[in-house]
Amino acid sequence: MSTENAVSAEDLKVNAGKMHVSTTDVAIDIVGMHKWYGEFHVLKDINLKVMRGERIVICGPSGSGKSTMIRCINRLEEHQKGKIIVDGKELTNDLKKIDEVRREVGMVFQHFNLFPHLTILEN
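The working numbering puts the last residue of the sequence shown at 113; the count rises by one with no breaks.
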């Protein structure tokens, strides 16, 4: 394997602060999102920015709102407050925008088949 084009960890540390991030590099931008089910405030002031090409994991205890947040990003659930912007399109009640986003956003949910002797992070 050639190391000619390899980037060292030191290079990344030095150059990371100099990188310019434009708004076109942002794939998902959630700003101040809130979601209620009746009186139950499921998602409180969620802020998240996912850059194009970045992969993230949403991890937390059962009932903490992970699936609800992901369902809101795909507009399978409606958030009541805040903004969700996917590929520069703000998710509103505009069905055309929702369809465009759904064509581009994939979701993977883990089944409830966890190992009981491991923590959530170890699973």
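Ideal Cβ positions, reconstructed from N, Cα and C, are used throughout, including at glycine.
Along the region 52 to 78, the alpha helix (DSSP H) occurs as fully enclosed runs of 4 or more residues at 56 to 63, listed in sequence order. Residue range L85 to E94 is occupied by the alpha helix (DSSP H) that includes L85. Just so you know, the alpha carbons of D15 and R92 end up roughly 19 angstroms apart. Ranked by Cα distance from N83, the options D35, K56 and Q70 are led by Q70. Closest in C-alpha terms to S54, from the list L108, K87 and K34, comes K34.
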